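Chemist: Here you go, one structure.
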Amino acid sequence: MMSRNQIIGDSKNHFFANFGKRFFAWMMAQSSSTYNKILGDVYDGLRLRKRSLFSSLEGKVLEIGPGTGPNLPYYPKDIHWIEIEPNPHMHSYLEKQAEKLSLKIDLRIGNAEWLDVEDNSIDTVVSTLVLCSVSNIDYTLQAILRVLKPGGRFLFIEHVAAPQGTVLRQLQSTISPIWKAIGDGCHPDRETWIALGNAGFASVHYERFDAKLPIVSPHIIGVAIK
């Protein structure tokens with residue numbers, strides 16, 4: 069079984085890794101509102117689509133990698149919200165955001181491949197801009213399937229790889245090592261839609277959109293059903 073140190077990297081040998089996680093948490097806290105404003109203003113009402121995507125949430129909702137809590141303003145107040153955030157330096161920002169919105173939080177230690185949640189117990193899993201940075205996306209999707217109830221939903225908004233043969237795809241692949249180093253493991257060229265299609269969901273529905281952002285402009289938004 070994985071230890072707490074293995075999960076969150078809390079050891080003397082991981083000083084520099086933890087410094088990077090602390091900086092990334094601070095950076096995300098500063099940029100989340102700006103990012104959401106860009107998404108809402110630049111292309112065809114994504115803010116409204118995001119609100120619509122989360123409007124029917126009920127029961128037990130698990131969010132993986134909630135970061136500093138940018139999705140919280142879209143959540144109904146009466147859900148049982150469970151969050152698994154492996155970066156401990158995100159937790160204080162997350163708790164402050166939840167308190168501001170009067171949301172009860174159930175914060176648990178873990179990561180996307182190792183979810184501290186019982187099998188078949190979750191009504192909805194939420195992931196926004198998380199699948200790009202997990203160590204193994206296939207393991208992550210299997211973990212999501214494990215915890216979802218039969219008929220449960222996986223809601224996602226993710227940036228993805230540009231089409232093969234395009235200049236942007238070549239740029240994404242070239243810059244990937246640097247991007248992962250400064251972005252807490254983020255892969256700018258991950259073909260997330262392929263992994264979703266191969267994971268074993270009963271159905272996967274998504275649409276593509278252009279976020280008009282440097283490097284990570286291509287996005288997908290959708291729902292997968294167990």
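Under our numbering, the sequence shown has 88 at position 20, and the numbering climbs by one with no breaks.
Backbone N, C-alpha and C define an ideal beta-carbon position, used for all residues, glycine too.
Model, not experiment: these values are computed from the prediction.
Measuring straight from C-alpha to C-alpha, what distance separates ARG115 and ASP187?
Modeler: Translated into the one-based positions of the sequence shown, residue 115 becomes position 47. Translated into the one-based positions of the sequence shown, residue 187 becomes position 119. Roughly 32 Å between the two C-alpha positions.
Chemist: For a test of the three-state rule: what should DSSP assign to ASP278, helix, strand or coil?
Modeler: As a position in the sequence shown, residue 278 is number 210, starting the count at 1. Reduced to three states, the DSSP call for ASP278 is strand.
Chemist: Could you tell me which residues DSSP puts in a beta bridge with HIS273?
Modeler: Residue 273 sits at position 205 when you count from the first residue of the sequence shown. HIS273 is bridged to VAL291.
Chemist: What residue range does the beta strand (DSSP E) around VAL193 cover?
Modeler: Position 125 of the sequence shown, counting from 1, holds the residue named residue 193. Segment 190-196, the beta strand (DSSP E) holding VAL193.
Chemist: Any heavy atom of the ligand ATP closer than 6 Å to the Cβ of THR234?
Modeler: Looking for the ligand ATP in the displayed structure turns up nothing, as the structure carries no ligands at all.
Chemist: Measure the C-alpha to C-alpha separation of TRP247 and ASN266 and round it to an integer number of angstroms.
Modeler: For this step, residue 247 is matched to residue 179 along the sequence shown. For this step, residue 266 is matched to residue 198 along the sequence shown. If you take the alpha carbons of TRP247 and ASN266, they lie about 26 Å apart.
Chemist: Would you mind working out which of SER120, GLU275 and PRO218 sits nearest GLY268, comparing C-alpha positions?
Modeler: As a working note, residue 268 is residue 200 in the sequence shown. Of the listed residues, the one whose Cα sits closest to GLY268 is PRO218.
Chemist: Thinking just about the alpha-carbon of each residue, which of ILE289, LYS294 and ALA180 is nearest to the one in GLN118?
Modeler: Mapped onto the sequence shown, residue 118 falls at position 50. It should be noted that the sequence gives Lys, not Gln, for residue 118. The option with the nearest alpha carbon to LYS118 is ILE289.
Chemist: If you run the structure through DSSP and keep just helix, strand and coil, what is LEU42?
Modeler: Nothing can be reported for residue 42, as the shown portion of the chain is limited to 69 through 294.
Chemist: Between the stretch 250-260 and the stretch 201-208, do three or more beta carbon pairs fall short of 8 Å?
Modeler: Touching, yes, given that three or more Cβ pairs across the two stretches are closer than 8 Å.
Chemist: Hey, quick one: how far does the alpha helix (DSSP H) through VAL215 stretch, first residue to last?
Modeler: Stepping through the sequence shown from its first residue, residue 215 is reached at position 147. Its alpha helix (DSSP H) spans residues 205-215.
Chemist: Contact defined as beta carbons within less than 8 Å: I believe LEU236 pairs with VAL193. What is the distance between those atoms, to the nearest angstrom?
Modeler: Sequence index remark: in the sequence shown, residue 236 carries index 168 (1-based). Sequence index remark: in the sequence shown, residue 193 carries index 125 (1-based). Not a contact, Cβ separation roughly 29 Å.
Chemist: If you draw a straight line from the alpha carbon of LEU171 to that of ILE152, how long is it in whole angstroms?
Modeler: Locating residue 171 in the sequence shown gives position 103, where the first residue counts as 1. Locating residue 152 in the sequence shown gives position 84, where the first residue counts as 1. Using only the alpha carbons, I get a separation of about 16 Å.
Chemist: At what residues does the beta strand (DSSP E) containing TRP247 begin and finish?
Modeler: On the sequence shown, residue 247 is found 179 positions in, with the first residue counted as 1. Element bounds for TRP247: not the beta strand (DSSP E) but the alpha helix (DSSP H), 235-250.
Chemist: Measuring CA to CA, which of HIS159, SER160 and ALA166 is closest to PRO144?
Modeler: Walking along the sequence shown from the start, residue 144 turns up at place 76. Comparing Cα positions, the closest option is ALA166.
Chemist: Compare the beta carbon distance of LEU169 and LEU140 with 7 Å and say whether it is the shorter of the two.
Modeler: Locating residue 169 in the sequence shown gives position 101, counting from the first residue. Locating residue 140 in the sequence shown gives position 72, counting from the first residue. Their beta carbons are under 7 Å apart, which means LEU169 touches LEU140 by this criterion.
Chemist: Could you give the distance in angstroms between the alpha-carbon of SER195 and the alpha-carbon of PRO245?
Modeler: Start at 1 with the first residue of the sequence shown, and residue 195 comes out as number 127. Start at 1 with the first residue of the sequence shown, and residue 245 comes out as number 177. So the alpha carbons of these two residues sit roughly 23 Å apart.
Chemist: Measure the C-alpha to C-alpha separation of PHE224 and ALA292 and round it to an integer number of angstroms.
Modeler: On the sequence shown, position 156 is the one that residue 224 refers to. On the sequence shown, position 224 is the one that residue 292 refers to. Their backbone Cα atoms lie some 8 Å apart in a straight line.
Chemist: Kindly list the residues whose CB is nearer than 6 Å to the CB of GLY127, restricted to its own chain and excluding five residues on each side of it in sequence; keep chain order.
Modeler: Sequence index remark: in the sequence shown, residue 127 carries index 59 (1-based). Cβ neighbours of GLY127 beyond the five flanking positions: ASP191.
Chemist: Rounded to a whole number of angstroms, what is the C-alpha to C-alpha distance between ILE132 and GLY233?
Modeler: Against the sequence shown, residue 132 aligns to sequence position 64. Against the sequence shown, residue 233 aligns to sequence position 165. Using only the alpha carbons, I get a separation of about 32 Å.
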